[in-house]
Amino acid sequence: GAGVSQSPSNKVTEKGKDVELRCDPISGHTALYWYRQSLGQGLEFLIYFQGNSAPDKSGLPSDRFSAERTGGSVSTLTIQRTQQEDSAVYLCASRIKNTEAFFGQGTRLTVV
Amino acid sequence: KQEVTQIPAALSVPEGENLVLNCSFTDSAIYNLQWFRQDPGKGLTSLLLIQSSQREQTSGRLNASLDKSSGRSTLYIAASQPGDSATYLCAVEYNFNKFYFGSGTKLNVKP
């Protein structure tokens with residue numbers, strides 16, 4: 096596709112359930128980032144992939160959060176045992192190193 | 042800690058005005074600085090990327106400048122239009138691992 100695609104666009108889940116968020120980066124983009132944006136807050140870095148490896152996962156807030164990337168393309172962010180404080184918009188971005196980053200439209204996660 | 046500050050937090054101007062948004066950062070050893078806009082409920086749209094060796098970049102009515110020594114960048118918007126209304130975000134990177142974002146300037150251009 097022409098841009099970064101994220102799915103689902105909206106997700107409502109019950110507290111304690113696991114969720115998977117998907118990011119399809121722009122074809123050929125080797126770098127992929129996950130950020131989250133809580134209501135009224137700034138953008139919080141979660142994890143960075145270069146190819147399939149994650150040299151920087153320092154932003155993952157707890158061990159309930161994990162992410163993987165396969166084939167140097169699609170990435171999934173998994174949140175286990177969701178809590179209400181996980182409610183946020185999760186944004187994915189991709190780029191070729193040292194060029195501009197392009198963001199997807201985000202997944203709005205609501206934990207009830 | 043890498044801090045990025047954007048001033049003002051909000052700005053309201055009449056259509057047609059030229060305006061300047063400011064971004065400052067604490068560590069001048071940056072690699073790149075990128076400006077984005079975010080419309081309500083949407084993702085981020087890239088506006089301009091300035092690499093550390095560059096002083097400015099231009100795209101249409103937008104001009105972004107970078108002064109590493111003083112830790113500042115400005116985004117100049119010429120002849121503002123109601124469609125420019127959005128939140129403008131400045132993002133700084135010191136390596137390729139992550140961007141550090143400011144909290145944004147919410148711009149309202151009144152018809």
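In order, the protein sequence lines correspond to chains U and L.
Here the first sequence is numbered in our numbering, starting from 96 and rising by one per residue.
Here the second sequence is numbered in our numbering, starting from 42 and rising by one per residue.
By construction, the Cβ of each residue, glycine as well, lies at the ideal position given by its N, Cα and C atoms.
Q | Three CB pairs or more closer than 8 Å across the stretch 59-68 of chain L and the stretch 110-122 of chain L | A | When Cβ pairs closer than 8 Å are counted between the two stretches, the stretch 59-68 of chain L is seen to touch the stretch 110-122 of chain L, the count reaching three or more.
Q) Sorted by chain position, which residues of the same chain lie with C-beta nearer than 8 Å to glycine 82 (chain L)'s C-beta, five sequence neighbours on each side aside? A) So no residue of the chain qualifies.
Q: Measure how close the beta-carbons of leucine 186 (chain U) and glutamine 136 (chain U) come, nearest whole angstrom, since I'm counting them as under 8 Å.
A: Not quite, the Cβ-Cβ distance comes to about 12 Å (not below 8 Å), so this is no contact.
Q. Taking the Cβ atom as the reference point for each residue, do serine 182 (chain U) and threonine 205 (chain U) lie within a distance shorter than 7 Å?
A. Going by C-beta atoms, serine 182 (chain U) is nearer than 7 Å to threonine 205 (chain U).
Q) Mind pulling the chain U residues with CB within less than 8 Å of serine 144 (chain L)? A) Residues of chain U whose Cβ lies closer than 8 Å to the Cβ of serine 144 (chain L) are, in chain order, Gly137.
Q. Of all the CB atoms in chain U, is at least one closer than 7 Å to the CB of glycine 101 (chain L)?
A. False, the Cβ-Cβ gap to chain U never drops below 7 Å.
Q) Along chain L, which residues have their Cβ under 7 Å away from the Cβ of threonine 171 (chain U)? A) Correct list: empty, because the minimum Cβ distance to chain L is about 18 Å.
**Q.** Contact set for glutamine 75 (chain L): own chain, Cβ-Cβ below 6 Å, skip 5 residues either direction
**A.** Counting only Cβ-Cβ distances below 6 Å, and skipping sequence neighbours, we find Leu90 and Ala132.
Q) Near glycine 146 (chain U), what residues of its chain come up, given a Cβ to Cβ distance below 8 Å and the 5 sequence neighbours on each side ignored? A) Answer for glycine 146 (chain U): Thr125, Arg164 and Gly167, listed in chain order.
Q: Would you kindly check if the distance between the Cβ of tyrosine 143 (chain U) and the Cβ of asparagine 138 (chain L) is under 7 Å?
A: With respect to tyrosine 143 (chain U), asparagine 138 (chain L) sits close: the two C-beta atoms are nearer than 7 Å.
(Q) Let me make sure I understand the geometry here. Which of U:Lys112, U:Phe140 and U:Val99 has the alpha-carbon closest to that of valine 207 (chain U)? (A) Valine 207 (chain U) has its Cα closest to that of U:Lys112, out of U:Lys112, U:Phe140 and U:Val99.
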